[in-house]
Each structure stands twice: as C-alpha cells, then as structure tokens.
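Residue numbers (the numbering used here): 17 to 249. Glycine residues also receive a C-beta, built at the ideal position from the N, C-alpha and C atoms.
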C-alpha cells in the first residue's frame, strides 16, 4: 500500500516508513538571554589570551635621565664641598674679640640678633651646618635615584597575558627590567583621570611606578583590561 508522506517541505509517494525524531522539523532557536537573567554571560570586551608578546606602553626618556643624573651628581658634589668647607674652615671667634679702648668702654659692642652673640665658628654651628649640607645633598641624590627607578619606559605583555615585563630607568639613562605576574599589578587611577602620570602598584615593592602620559599606549583596550585595571593586592 502506498502512502503519502511529507518531509522537508516536499511531498513524495512510497511505502510507509517508521516514525523518527529526525523527520520532525528542527525546534525553533532559543531566544538569547538578557544580561540580567540567571546564567547569562556578558560578552567580554576583548580576549586577553594574546597569541604573542605585545608592547603596551613605550616612552624613551634616556636623555632626560642622563641630565637628571648629572644634575643630582652636581648638587651632591656642591653640598658635600660646602659641608667640607663648613667643617674645616669655620673657626671659633669667641675668644678673639678685641678689647675695647678706654674711651669706648662705656659703649656696649654691637651684637646681632637682638643682643645674642653669633659665633659661626662654635662647635654647635659648625657641626649643625655641616649636617644640614650633607642632608640636603643626600636628599637630592636619593630623590633623583628613586624617581628614576620608579619611572617606567616600557611595558611588555607576554604571550598568554599572564606575565608583564616592566623596564625602568637608572640615573644617567641606564635601564633594567623585571617580570611579574599580571595579577600582582594594580593601576590606582584610570589613565583618563590623571593629568600627567599613571600610578601602578606592584605587589611586594615600595612606592608607585609611574607611566608618563606623554608616552605611547599601543593598544588602549588591551591596556585597560590588563595593566590598567585595578586589582586588590
């Protein structure tokens, strides 16, 4: 016995065949879930599983740090020489005051600072002035060194987006690099919220690392979700 069958929108005649799920039309496609529904996953803005090493930030400031190192060295030399001069050249003049003549004995000798005697050669003034000069020179030298070590010239995101290499400066334009896991880096402020420097915090290291906004960010989207993201360290 022949039987009329319908399948796939076409009509055909033939012997009866067994009923199967495959013969039924495909179920309608499921409507996409909204972002607020349970189980829905918001699309990620950019895939961070990078296939190769990527330079995210670069700023060549070797000339600036050469001049900064020269400035710090000159300042430290100047203040060290001034401290040496103060320690060895100042003499105690308290016992060398000339005796007044008899006709001028009635007039008291003029004294500075409202009547207080000023003896720059005394031990108190000599050691105090020497210590101040050495302190100022040392602070300038240390400040220049710390600023150089915390200024970033290059940020390299390694393949797989799990590690980052930061290149920082030394005085006189020298550089050094170190590699840390990406999860140990936190950007304390978004790049659009700071006027000049982007602060980065690296776990286990003191002070913030600084990225000058005059440098070039090659991939802003990848930078914002990797190095430029805030993390609780």
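First through last residue of the alpha helix (DSSP H) which encompasses residue 91
Mapped onto the chain shown, residue 91 falls at position 75. Run containing residue 91: 78-105, per the alpha helix (DSSP H) assignment.
Keeping to the same chain, check which residues put their C-beta closer than 7 Å to that of residue 103; ignore five residues upstream and five downstream.
The residue you call residue 103 lines up with position 87 of the chain shown. 142, 146, listed in sequence order.
Would you identify the three-state DSSP class for residue 242, choosing helix, strand or coil?
For this step, residue 242 is matched to residue 226 along the chain shown. It is coil, neither helix nor strand.
Apart from the five residues just before and just after residue 201, which ones in its own chain have a Cβ nearer than 8 Å to its Cβ?
For the purposes of this step, residue 201 is taken as the residue at position 185 of the chain shown. Excluding residues within five positions, the ones whose Cβ falls inside 8 Å are 180, 216, 217, 218, 219, 243, 247.
Segment limits, alpha helix (DSSP H) that includes residue 172
As a first step, residue 172 is located in the chain shown; it is residue number 156 there, counting from the start. Residue 172 -> not in any alpha helix (DSSP H); beta strand (DSSP E) instead, spanning 168-173.
Out of 204, 183, 172, which has the shortest C-alpha to C-alpha gap to residue 192?
Working through the chain shown from its first residue, we reach residue 192 at position 176. The candidate whose alpha carbon is nearest that of residue 192 is 183.
Residue 106 versus residue 98 - alpha carbon distance
Counting from 1 along the chain shown, the entry for residue 106 is found at position 90. Counting from 1 along the chain shown, the entry for residue 98 is found at position 82. Their backbone Cα atoms lie some 11 Å apart in a straight line.
Have a look at the DSSP bridge pairing and note the partners of residue 213.
Start at 1 with the first residue of the chain shown, and residue 213 comes out as number 197. The partner list for residue 213 (beta bridge, DSSP) reads 228.
Helix, strand or coil for residue 131 per DSSP?
Numbered from 1 along the chain shown, position 115 holds the residue referred to as residue 131. Caution is warranted here: a pLDDT of 49 is assigned to residue 131, below 50, making its placement in the model unreliable, and no coordinate value can be reported.
Give the straight-line distance between the Cα atoms of residue 150 and residue 185, rounded to the nearest whole angstrom.
For the purposes of this step, residue 150 is taken as the residue at position 134 of the chain shown. For the purposes of this step, residue 185 is taken as the residue at position 169 of the chain shown. Cα to Cα, residue 150 sits roughly 25 Å from residue 185.
Quick check: the Cα distance between residue 223 and residue 237, rounded to an integer number of angstroms?
By one-based count along the chain shown, residue 223 stands at place 207. By one-based count along the chain shown, residue 237 stands at place 221. Their Cα atoms are separated by approximately 26 Å.
Which of helix, strand or coil DSSP assigns to residue 249:
In the chain shown, the residue the question calls residue 249 occupies position 233. Note: residue 249 maps to coil in three-state DSSP.
What are the partner residues of residue 233, as DSSP defines its beta bridges?
What you label residue 233 is simply residue 217 of the chain shown in a count that begins at 1. 73.
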